[in-house]
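First residue of the sequence shown: 359, per the working numbering; consecutive thereafter. All C-beta atoms in this analysis are idealised placements derived from N, C-alpha and C, irrespective of residue type, glycine included. Take a look at the structure set out below.
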Amino acid sequence: MSTISGIINASSDIGNAALSPIIQFLLAKGGIAFAVLILSIPTLSLIPICFFVGRNKKVDINKNNFEKNSIKDVFIKAFKDKTYILLIIGFFTCGFHMALIMNHLPKQFIFHGISPQTSSYAFALYGIITIIGSIISGSLCDKYKMKNVLGSFYGARVIIIVLFLILPKTIFVIFAFASLLGFTGMSTVPPVSGIINLKFGAKYIAILYGLVFFIHQIGAFFGAYLGGVLFEKFSSYNPIWTVNIFLCALASIVSFMIKD
């Protein structure tokens, strides 16, 4: 399952790789309103496609001890489980990290003297490597303990960010930084979904993972907001990356604390 999760998750990042240069071109041609209008077209096309997803209702769902319980009971039992709480803490920090990348990383590259076009290419590379990282993460989860895979990817983010902060911001360093961040970007999703599946069964993975992802998006709000606030105050992205380092370290620690 983890390998399949990694492949599906990787497909979502094809858009990052393909659209980053296109978005930069649209912004240069017509501004934000024009870019959003054009990008809404492929988004709207997804609506009819959704009606064809899951039409085959013959789905083999694993039985689990929550099968006869209500959704409320599922949440109560989940929140009594230390593993679920630790996953939520880790994914909150993951959302913080990802929003910082999506909202501020291209601007930071430009801030360091990189042209907008080159910045878009670096972010496209980020999207390509994210696909590879997600697939590799899924395959690793089938071979090793998922908590160790998860904790290692969180910990790798700490090392990558520290190196970026202390190294000169050359073209090579920026592209390497984008690549390494991409490798760890969406690689946390397969182990998180896999651990939830093992602990609570496939029947409730959608709703339990959905709540974890909701907390992820709360972390994303703080990452995007505080990134702008701290940059306005200090005229540097170093403070927000420092905060992110501590959060990624916390996520790594709590992931290794998960019991098999």
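Need the endpoints of the alpha helix (DSSP H) that residue i sits in, please.
i: Asp431; result: 429-437
i: Phe409; result: Run containing Phe409: none; DSSP gives neither H nor E here.
i: Ile611; result: 596-614
Thinking residue i and residue j are a contact (beta carbons under 8 Å), I'd like their distance in whole angstroms, please.
i: Phe530; j: Ile518; result: The Cβ separation is near 15 Å, so there is no contact.
i: Ile603; j: Val520; result: 7 Å
i: Ile643; j: Gly540; result: Absent from the structure is residue 643, since the part of the chain shown begins at 359 and ends at 618.
i: Ala391; j: Leu385; result: At roughly 10 Å, the Cβ-Cβ gap does not stay under 8 Å, so Ala391 and Leu385 are not in contact.
i: Gln382; j: Pro474; result: 6 Å
i: Leu566; j: Ile553; result: Not quite, the Cβ-Cβ distance comes to about 10 Å (not below 8 Å), so this is no contact.
i: Ile616; j: Gly453; result: Contact doesn't hold; Cβ gap of about 18 Å is too wide.
Which residues in the same chain as residue i place their Cβ atom closer than 7 Å to its Cβ, once the five residues preceding and following it in sequence are excluded?
i: Phe467; result: Ser477, Ala480, Ile532
i: Ile419; result: With a pLDDT of only 49 at Ile419, under the threshold of 50, the placement of this residue in the model should not be trusted; the figure read from the coordinates follows. The residues are Ala560, Lys561.
i: Leu523; result: Asn596, Trp599
i: Lys465; result: none
Tell me which same chain residues have a C-beta within less than 6 Å of the C-beta of residue i, skipping the five on either side of it?
i: Ala582; result: Ala457, Asn461
i: Tyr442; result: Ala436
i: Phe614; result: Gly509
i: Arg515; result: Thr542, Cys606
At 3 residues or longer, what runs of the beta strand (DSSP E) sit wholly inside the stretch 439-490? none
Completely contained beta strand (DSSP E) runs for the stretch 508-564, where each covers 3 or more residues: none
Would you check if there are 3 or more beta carbon pairs closer than 8 Å linking the stretch 430-449 to the stretch 604-617? Flag = yes, the stretch 430-449 and the stretch 604-617 touch.
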